[in-house]
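A.B. asks: Okay, handing you the structure first.
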Amino acid sequence: MKNYNPADSFDQVTAAQDVHFRRGDEEAAVRFLKQLANEGPALELAIGTGRIALPLAATGIAVDGIDISPHMIEQLRKRPGGEDISVMMGSFVDTVMSRKYSLVYLVFNSLFNVLSQEEQIRCFENAAAHLSDDGVFVVEAYTPAFLYRLQDNQYVQAEAIEVNAVRLDVLRHDAVGQSIAENHVTFAADGIRFNPVVQRYAWPAELDLMARIAGLHLRERWGSWSGEPFNSASDNCISVYAR
Ligand SMILES: C[S@@+](CC[C@H](N)C(=O)[O-])C[C@H]1O[C@@H](n2cnc3c(N)ncnc32)[C@H](O)[C@@H]1O
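Structural data, given as structure tokens:
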């Protein structure tokens, strides 16, 4: 997407809306992560407004975070418990925290927000550098199979239809570049708003190779936070890496 700036994906308006967003599997995700964290501490890469970090911290695990968007961090800080989470603003590719973690995690496809294989490998290396000896790195990301089933490698979907506004999700897939260009477009009485997203996706096998480069190995893989097996019908992929 010409002139795309990743900062546009997580601007002030998006961050304010994100506070209200729930996917529905948060409880299962927190249970899964808490069990792996042992006593903690835990580090969330791309912590956002705390959808997972806040309930995980509420279980008694110390949670730190890294995020590139000042707007997402600002919203996190305003939420109950948000001030107790230590957050560094920067990219998860190279931001360094001052301690080691029994759990580092990166969820909701956020790995794909960095747009080159090189940067994604550096993310794995940075995560590995923050792990205690027996720590684990958890990565949650979609499996790209659905993109290959799209007619003409694209879709337009109605995301919301209201009396005075509609929101469309417009997406195009580039199989050679392993990327998607997407825009959530809102047409409302007070104007048109764009929320562009570009992602560089990776298949699970490539994630495993990135992990190997970073000195980690796949320990477990699941199709959901509630422990469904990972198979060729899985839309979601939860990988647990360790040394
Ligand atoms: C889809 S949100 C997910 C937030 C949170 N992890 C959750 O599950 O609700 C993606 C987040 O990734 C952050 N992000 C994108 N690229 C990043 C990067 N290179 N380094 C750190 N954070 C990044 C964005 O600012 C945003 O907060």
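In terms of our numbering, the sequence shown opens at residue 1 and continues consecutively.
All residues carry an ideal CB built from backbone N, CA and C; glycine is no exception.
#1: Check each candidate in 192, 200, 105 and name the one with the smallest Cα separation from residue 176.
#2: Verify the contact flag: residue 113, CB atom, against every heavy atom of ligand 1, threshold strictly below 7 Å.
#3: Using a Cβ-based criterion (distance less than 7 Å to any ligand heavy atom), does residue 91 qualify as near ligand 2?
#4: Which ranges would you report for the alpha helix (DSSP H) in the stretch 28 to 69 if only whole runs of at least 4 residues count?
#5: Quick check for students: name the residue ranges of the beta strand (DSSP E) that lie wholly in the stretch 132 to 164, counting only runs of 3 or more.
#6: Alpha carbon to alpha carbon, how far is residue 86 from residue 173?
#7: Less than 6 Å between C-beta atoms, sequence neighbours within five positions excluded: which residues of the same chain meet that for residue 189?
#8: Under a Cβ-count criterion, where at least 16 other Cβ atoms within 10 Å of its own Cβ denotes burial, should residue 101 be classed as buried or exposed?
#9: For ligand 1, any of its heavy atoms closer than 7 Å to the Cβ of residue 8?
#10: Answer with buried or exposed for residue 104, where buried requires no fewer than 16 other C-beta atoms within 10 angstroms of its C-beta.
#11: When every heavy atom of ligand 1 is checked, does at least one fall within less than 7 Å of the C-beta of residue 108?
#12: With which residues is residue 125 paired in a DSSP beta bridge?
#13: Are there any heavy atoms of ligand 1 lying less than 7 Å away from the beta-carbon of residue 133, as far as the coordinates show?
#14: Since I believe residue 82 is in contact with residue 40 (beta carbons under 8 Å), could you give me their beta-carbon distance rounded to a whole number of angstroms?
#15: Would you say the beta carbon of residue 46 is closer than 7 Å to some non-hydrogen atom of ligand 1?
#16: If the criterion is Cβ atoms closer than 8 Å, does the pair residue 92 and residue 241 meet it?
#17: Considering only the alpha carbon of each residue, which of 28, 187, 223, 211 lies closest to residue 125?
#18: Whose C-beta lies closer than 6 Å to the C-beta of residue 8 among residues of the same chain, with five residues either side of it excluded?
#19: Which of the three DSSP states is assigned to residue 80 in this structure?
#20: Taking only beta-carbon positions, decide if residue 65 is within less than 8 Å of chain C.
#21: Any idea what DSSP makes of residue 9, helix, strand or coil?
C.D. replies: The answer reads as follows:
#1: Residue 200 holds the alpha-carbon nearest to the alpha-carbon of residue 176 among 192, 200, 105.
#2: yes
#3: The model depicted lacks ligand 2 and carries ligand 1 instead.
#4: 53 to 58
#5: 154 to 161
#6: 36 Å
#7: 164
#8: buried
#9: no
#10: buried
#11: yes
#12: Note: residue 125 sits in no beta bridge, so no partner.
#13: Flag unset: Cβ of residue 133 not near ligand 1.
#14: Under the criterion of beta carbons closer than 8 Å, residue 40 and residue 82 do not qualify as touching, at roughly 18 Å.
#15: yes
#16: In this structure, the beta-carbon distance from residue 92 to residue 241 does not fall below 8 Å.
#17: Of the candidates 28, 187, 223, 211, the residue whose Cα lies closest to the Cα of residue 125 is 211.
#18: 196
#19: coil
#20: No chain C is present in this structure, which holds just one protein chain.
#21: helix
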